[in-house]
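Our numbering numbers the first residue of the sequence shown as 9 and each following residue consecutively. Structure record follows, encoded as structure tokens.
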Amino acid sequence: MDTFRTYLMRGSLLWILFLGFCTLHAQSNTLSHFLTTAQANSPLLNDYNNQVISNRIDSLKLRATYGFIVTGEGTAGYSPNIKGWGYDNALTNGQSLFAGVRVAKEFISRNNLNTRLAGVNASIAQVLAQKNISLQTLNKQITDQYIATYASQQQYNVSKEIIHLLDQEDIVLKKLTQAAVFKQTDYLTFKVTLQQNELTLEQQKADWQNNYSLLKYLSGITDNTFEPVEEPQFKETLDPASFDESMYTKAFQADSIKLSNDARIIQYDYKPKITAFSDSGYQSSFTTTPYKNFGMSVGVGVTIPIYDGHQKKMLLQQNELSLQTRQKYLEQTKRQYQQQILQVRNQMEQYDKMIRMANQQMTYAKTLVEANAKQLPTGDVRMVDFILSINNLLSLKGNIIHYTTTLLNLKNQLQYLIIQ
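Here it is as structure tokens:
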């Protein structure tokens with residue numbers, strides 16, 4: 009009983025491991041796997057993440073800048089005066105020493121500080137908006153290459169299917185030719201066709217592996233295995249976000265908030281500034297009672313802007329020009345966004361129709377090839393007609409792959425709308 013239970017447990021464990029391996033293997037050849045891997049390996053996305061963290065650190069630094077600043081200071085000086093030659097001792101005291109701690113703080117209003125902190129948050133929003141655009145661009149690039157890999161894989165499979173069909177015919181025709189039932193010239197014509205398709209198969213295999221290698225290169229994957237990829241999956245109904253909810257509008261909003269906030273910071277930069285400071289320690293010229301020269305001092309400094317050549321006005325004008333420029337770019341992007349959606353949807357309808365028509369023709373093309381294959385050994389069909397039917401079938405399947413690939417690319421374009 010114990011032995012049976014042991015075998016059962018081992019069998020269950022092996023079965024779980026097998027299912028896990030199959031699941032992992034299947035997941036590694038899907039579009040989602042390559043997208044996830046490319047995102048994880050992207051140095052650009054990592055750069056944006058680090059920029060967000062860096063901006064958050066800037067927020068902490070800004071708060072620290074307007075807090076209490078404590079510094080330790082020390083200076084020592086000696087000005088020799090020999091027989092009346094040297095600096096005037098009334099000014100230099102001949103020698104001096106200072107060692108102490110200085111505390112300073114710049115006072116600004118809460119609104120001023122909050123405005124500057126809002127500028128940091130606006131910078132974070134800008135980085136996140138650019139990250140979203142870069143992420144969408146990366147996803148589209150990886151999906152484009154995945155579709156190209158899948159299309160070359162389909163072409164390769166079609167060629168293998170045709171060669172399998174020709175290999176079956178070759179067995180029959182070779183025996184009939186040896187028995188003088190089938191013309192040797194017709195058999196040689198068939199053999200040449202078979203060898204041409206075998207050469208095409210090798211070329212398509214190379215194309216598939218090249219596309220696969222490029223897909224792994226773009227995704228940051230390093231290996232030389234070539235397992236078949238799964239068909240790329242898209243949503244049943246592709247419905248792009250309205251332009252007002254798109255990443256382009258969000259990027260414009262982030263830029264506008266940053267520019268508006270910059271204008272408020274310019275206004276605050278031209279307001280009076282008050283700085284308070286205090287120091288305590290030891291300062292002495294050693295002339296009289298140096299042991300009593302421990303002390304402290306306090307002070308207040310005020311800075312009032314009076315005239316700077318109208319720089320404030322010019323800075324605000326530049327800021328306003330930037331806002332106007334961004335608005336024009338947004339309007340143009342909106343027109344392109346809406347036009348691209350209309351154009352892609354129209355093309356998708358056309359290729360959907362072409363695929364349906366080609367699939368209908370495929371039924372007749374297959375039937376013709378099968379009928380010719382049966383009648384070829386009996387001499388009721390000429391070799392040239394059989395080869396022509398094979399080429400027609402191959403061409404039709406190639407067209408379907410081309411139409412399907414174009415449709416997949418259009419879906420990808422609609423899912424990841426990128427306005428250049």
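Every residue gets a Cβ at the ideal spot worked out from N, C-alpha and C, and that includes glycine. Quick caveat: nothing in here was measured; it's all calculated off a predicted structure.
Grouping DSSP H, G and I as helix and E and B as strand, with all else coil, what is F1? Nothing can be reported for residue 1, as the shown portion of the chain is limited to 9 through 428.
Please name the residue or residues paired with F302 in a DSSP beta bridge. Answer is Y290, bridged to F302.
First through last residue of the beta strand (DSSP E) which encompasses A107: A107 -> beta strand (DSSP E) spans Q103 to F115.
Quick check on this structure: which residue in H172, K405, R71 and A156 has the alpha carbon closest to the alpha carbon of T123? Among H172, K405, R71 and A156, the Cα nearest to that of T123 belongs to R71.
Are the CB atoms of V166 and L402 within a distance shorter than 8 Å? V166 sits close to L402, with the two beta carbons spaced by under 8 Å.
I282 bridges to which residues according to DSSP? F115 and V310, per the DSSP bridge assignment.
Contact between the segment 271-280 and the segment 304-314 is defined here as three or more beta-carbon pairs at a separation below 8 Å; is this criterion met? Judged by Cβ distances under 8 Å, the segment 271-280 makes contact with the segment 304-314, as three or more pairs qualify.
What do you get for N354, buried or exposed, if any count of 16 or more other CB atoms within 10 angstroms of its CB means buried? Exposed.
Is F89 helix, strand or coil by DSSP? In the sequence as presented, Phe is not what sits at residue 89; that position holds Asn. Three-state result, N89: strand.
Touch check for the segment 132-142 and the segment 398-415: three-plus C-beta pairs under 8 Å? Too few Cβ pairs lie closer than 8 Å, so no.
Measuring alpha carbon to alpha carbon, tell me which residue in T151, Y359 and I90 is nearest L39. Minimum Cα-Cα distance from L39 among the listed residues T151, Y359 and I90 corresponds to T151.
Determine the DSSP secondary structure at V189, reduced to helix, strand or coil. Note: V189 maps to coil in three-state DSSP.
Identify the continuous alpha helix (DSSP H) that holds F394 and give its terminal residues. For F394, the enclosing alpha helix (DSSP H) stretches over residues M391 to Q423.
Is it right to say N417 is buried, meaning 16 or more other beta carbons lie within 10 angstroms of its own, or is it exposed? Taking all protein chains shown into account, N417 has 16 or more neighbouring C-beta atoms within 10 Å of its C-beta and is therefore buried.
Using beta-carbon positions only, say whether I170 and I398 come within less than 8 Å of one another. Against a cut-off of 8 Å, the Cβ pair of I398 and I170 comes out as a contact.
Less than 8 Å between the beta carbons of R110 and F285, yes or no? Between R110 and F285, the CB-CB gap stays under 8 Å.
So for E235, helix, strand or coil by DSSP? Three-state result, E235: coil.
Mind checking if I179 is an interface residue toward chain D, Cβ cutoff 8 Å exclusive? This model lacks chain D altogether; it includes just one protein chain.
Three-state class that DSSP yields for E81 in the structure shown: The three-state secondary structure of E81, taken from DSSP, is strand.
Output needed for F234: all residues of its chain with C-beta closer than 7 Å, excluding positions within five of it in sequence on either side, in chain order. Excluding positions up to five away in sequence, the list reads Q217 and Y220.
Check the C-beta distance from L468 over to K182 and give it rounded, since I have them as a contact under 8 Å. For the chain, the structure presents residues 9 to 428; residue 468 sits outside this window and is missing.
Indicate the three-state DSSP secondary structure (helix, strand or coil) for L384 in the structure shown. DSSP places L384 in coil when its eight states are reduced to three.
Alpha carbon to alpha carbon, how far is V377 from Q383? If you draw a straight line from the Cα of V377 to the Cα of Q383, it is about 10 Å long.
Just the Cα atoms here: how many angstroms apart are F198 and M391? Roughly 7 Å between the two C-alpha positions.
Given this structure, state the Cα-to-Cα distance separating Q176 from Q340, to the nearest angstrom. So the alpha carbons of these two residues sit roughly 60 Å apart.
Tell whether a beta-carbon distance below 8 Å holds between L202 and D178. The criterion of a C-beta distance shorter than 8 Å is satisfied by L202 and D178.
Please check the pair Y158 and P248, which I expect to be a contact at CB under 8 Å, by giving their CB distance rounded to whole angstroms. A Cβ-Cβ distance of about 23 Å is found for the pair Y158 and P248, leaving them out of contact under the 8 Å criterion.
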